[in-house]
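From first to last, the protein sequence lines are chains A and L. Those letters in the first sequence? Residues 1 to 261, per the working numbering, in order. Those letters in the second sequence? Residues 262 to 649, per the working numbering, in order. Report on one structure; see the data block that follows.
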Amino acid sequence: MKLATATMIVTIASACLTTGAFASPEKGLEIAIEADSRDKGFGDSTAQMTMILMDKYGQSTERAIRNRTFEGDNEGDKSLVIFDSPGDVRGTAFLSHTKKADSDDQWLYLPALKRVKRIASSNKAGPFMGSEFSYEDIASQEVEKYTYNYLRDEQLNGLDCFVVEYDPVDPKSGYKRQIVWMDKAEYRVHKIDFYDRKDALLKTLTYEDYNQYLDKYWRYNRLVMINHQTGKTTELVFADWKLQTGMTERDFEKSALKRIR
Amino acid sequence: MTMFAVRSFVIILLLAQPAFAGEVNGTLSSRLDFYPDRDDGSASEGRSAEVKIDAFHDFDASRIVGEFIARGDEKDSGRRITEARQAYLRTPLAGFDVFVGNRQEFWGKAESKNVVDVINQSDAAANEGKSGKLGAPSISAERYLDIGDLQLWYISGFREKTFNDSDAHPSSGLPVSSAQYARKDGKDADDFAARLSSFAGEWDLAGSVFYGTARDPILSVASDGGALKPYYALQKSIGLEAQYTGDVTLLKWESLHGTQTGLLGTHDFAAAVAGIEYTYYGPFETMWDIGLIGEVQHDDRPQAAANQFFVAGVRLVFNDIADSHVLFLASADRKADQSFVSLEASRRINDVTSVKLTSRFYNARTPSSAFGQLLDDDAVTLTLNMFF
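Shown next as structure tokens:
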């Protein structure tokens, strides 16, 4: 009888796991690894971005930014953000060497001084260019930067999704947790709810208008970040995605910062 | 190659490129200076305007870069200038990026003073701080090596430091006469420099060497007392730079050691800046960053205002849509005989306009000291920048 009960419990438990009724850190990590591996091999990418900042009264202001990313092998990705407008920051560039475990290395290029300045990367929670995106939101996502917990399956916009909790490893993160909706077919992120350090819902980010490149890699054309606590919104509209453009690691060294425009 | 030849070469290249593949941007700055005079309570004003054109053009693997400035000033002829701050060709050659023409370069790590920043002459009369530089007519080469970034410089001619008029601000009150040089070729003598910079983990390091004419002149009063005579010494120096970037703390070091040869023979010198910058991110539940800056300057060259200065400052970054910044710096020499306070605040008005307010105040117990001669040169400056 005891054995029968135990068998039943195991059967129920495994049934629950496969239908996703139980939280599972292992499955969460598996999903994150699979999502990461599906994007492996993109090499490098470039895109034009328009950042639209909107206050709670609907007043908006725009910025033009260029984004370049170089895929890392053993370390994290390297990324470069170049500002084209507004005029006072034109030519300013931000270089980040993402690290899987350590703090990222970051430099800023100030065109008026022709100065390359190393900056502290601990300001993860700080706003990027006065927007609702923080530095950690725009940094490249590495598997090692979070612990995971698969929560449930759920439909979102007609797509079957995994719902996974991402818990930042770094205590300097501005978030206690993130709830991520990722579709089961392609492992693309569609929505993230960000909870602040007090575990109150802070922001929601939605990913829209995905296109596939080189028959493999998915890139979004629109990101919308809503700050529930301030009522402010920042929208990032992407254009002209290019992958495997042939950039080299040298294009992402700090010495290259002086050379880009 | 002479300075003239370097310039002509770049101008020919600029003219020889018919199809344009690049960018042209401009900045129009208008500036109002207000000088309160503490002696008699009167005040004076100064108005000036500056146009800056930035452009580049790409062809094959090369790029032509131009940064041209024209500045007009109502009264101060010392501030008036037309300058090719940058006008160079960059092209790959034998594994190097080679630059030919006028170029602006920055070396250094510290905030209050950069003693290793030796490539460009200062456009001191512009009163624009570190960004006020004159283009260095040069041939330079850069290469990315496994151990770091290597730069080699040949500077084909000397640019004299700019000075404000004797009745303008800041000024000692004496006109500046023509310069004298330790080197027999004077203004035509060539300079050489090299730098290797690298980083490992939290450390950014650089070392450099310089042989050439010292950028800062030694100023002495002419025998008739009617003018200041600039004398440019020969300088041989080694520069060292280091920055440790911690989570919230930056530690900075830069030093320049070497010799200057002048009227009184050859003398060893040392100049250094050691600093710390500590930043509070998002204090008091705000989006602000508050940076606390502390630096110690040492400079035993005769050009320095004092051997030692202690600098304390606060940097406020509001992280708002208008990108508002405030920087406050106060410096004093060891005996507090001379001190200097500056405040700089800037914000964006809209996509094409920004505004900056700067002010500087000098104090000195001894009228004959360097700052003692600048007591009537306190200034509050409002600059409006328009970008097109």
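Ideal placement from N, C-alpha and C gives every residue a C-beta, glycine not left out.
Interface flag, residue i vs chain A, CB-CB below 9 Å
i: K391/L; result: yes
i: L511/L; result: yes
i: M262/L; result: Caution is warranted here: a pLDDT of 48 is assigned to M262/L, below 50, making its placement in the model unreliable, and the coordinate value is therefore given only provisionally. Output row for M262/L: interface = no.
i: D612/L; result: yes
i: E366/L; result: yes
i: S462/L; result: For the sequence presented, residue 462/L should be read as Gly rather than Ser. It does: the Cβ of G462/L has a partner Cβ on chain A nearer than 9 Å.
i: R444/L; result: no
i: S615/L; result: yes
Secondary structure of residue i, DSSP reduced to three states
i: A386/L; result: helix
i: F238/A; result: strand
i: I138/A; result: helix
i: T19/A; result: Interpretation of T19/A is limited by its pLDDT of 46, a score under 50 that renders its predicted location unreliable; the figure taken from the coordinates is listed afterwards. Of the three classes helix, strand and coil, the one that applies to T19/A here is helix, per DSSP.
i: V10/A; result: Because V10/A sits at a pLDDT of 48, beneath the cut-off of 50, its placement in the model cannot be relied upon, and the following sentence gives the value as read from the coordinates. It is helical.
i: Q244/A; result: coil
i: I33/A; result: helix
i: E421/L; result: coil
i: V379/L; result: coil
i: A256/A; result: helix
i: V509/L; result: coil
i: K27/A; result: helix
i: E249/A; result: helix
i: G633/L; result: helix
i: F194/A; result: strand
i: D612/L; result: coil
i: P563/L; result: coil
i: V143/A; result: helix
i: F545/L; result: helix
i: S392/L; result: helix
Beta carbon proximity, residue i to chain L, threshold 9 Å
i: L108/A; result: no
i: K78/A; result: no
i: T206/A; result: no
i: T18/A; result: Confidence at T18/A is low in this model, with a pLDDT of 46, below 50, so its placement is unreliable and the value that follows should be read with caution. Not an interface residue.
i: I119/A; result: yes
i: G87/A; result: yes
i: G91/A; result: yes
i: A13/A; result: For A13/A, the predicted structure reports a pLDDT of 45, less than 50, and the residue's modelled location is therefore unreliable. A value from the coordinates is still provided. A13/A does not count as touching chain L.
i: S24/A; result: no
i: G72/A; result: no
i: P168/A; result: no
i: R66/A; result: no
Cβ-based burial, residue i [other Cβ within 10 Å; buried from 16]
i: F648/L; result: buried
i: E165/A; result: buried
i: I33/A; result: exposed
i: F252/A; result: buried
i: W464/L; result: exposed
i: Q249/L; result: Because chain L is modelled from 262 through 649, residue 249/L falls outside the range shown and cannot be assessed.
i: Y442/L; result: buried
i: A597/L; result: exposed
i: L524/L; result: exposed
i: G307/L; result: buried
i: R340/L; result: buried
i: A461/L; result: exposed
Proximity of residue i and residue j at Cβ, strictly below 9 Å
i: A386/L; j: T343/L; result: no
i: V377/L; j: A455/L; result: no
i: G28/A; j: E71/A; result: no
i: F571/L; j: D594/L; result: yes
i: K254/A; j: E366/L; result: no
i: V285/L; j: D315/L; result: yes
i: A125/A; j: S134/A; result: yes
i: Y150/A; j: V169/A; result: no
i: F471/L; j: G500/L; result: yes
i: R324/L; j: A310/L; result: no
i: R576/L; j: T540/L; result: yes
i: P127/A; j: N580/L; result: yes
i: A640/L; j: N388/L; result: yes
i: G507/L; j: L457/L; result: no
i: P478/L; j: E403/L; result: no
i: D319/L; j: A282/L; result: yes
Chain D within 9 Å of residue i, Cβ atoms only
i: N580/L; result: Note that chain D does not occur in the displayed structure, where the protein chains are A and L.
Q. Three or more beta-carbon pairs under 8 Å between the segment 226-245 of chain A and the segment 43-63 of chain A, yes or no?
A. yes
Q: Pair every Cβ in the segment 68-88 of chain A with every Cβ in the segment 225-233 of chain A, then say whether three or more of these pairs are closer than 8 Å.
A: no
Q) Within the chosen definition, does the segment 475-489 of chain L reach the segment 510-518 of chain L through at least 3 CB pairs nearer than 8 Å? A) They do not touch, by the three-pair rule.
**Q.** Inter-stretch contact (C-beta, 8 Å, three-pair minimum) for the segment 393-407 of chain L and the segment 523-540 of chain L
**A.** With a cut-off of 8 Å on Cβ pairs, the segment 393-407 of chain L is not in contact with the segment 523-540 of chain L, counting fewer than three such pairs.
Q: Answer yes if the segment 617-637 of chain L comes into contact with the segment 91-111 of chain A, meaning at least three C-beta pairs across the two stretches below 8 Å, and no otherwise.
A: no
Q: Evaluate contact between the segment 218-225 of chain A and the segment 57-73 of chain A, counting only Cβ atoms and requiring at least three cross-stretch pairs below 8 Å.
A: Contact between the segment 218-225 of chain A and the segment 57-73 of chain A is absent: fewer than three C-beta pairs spanning the two stretches fall below 8 Å.
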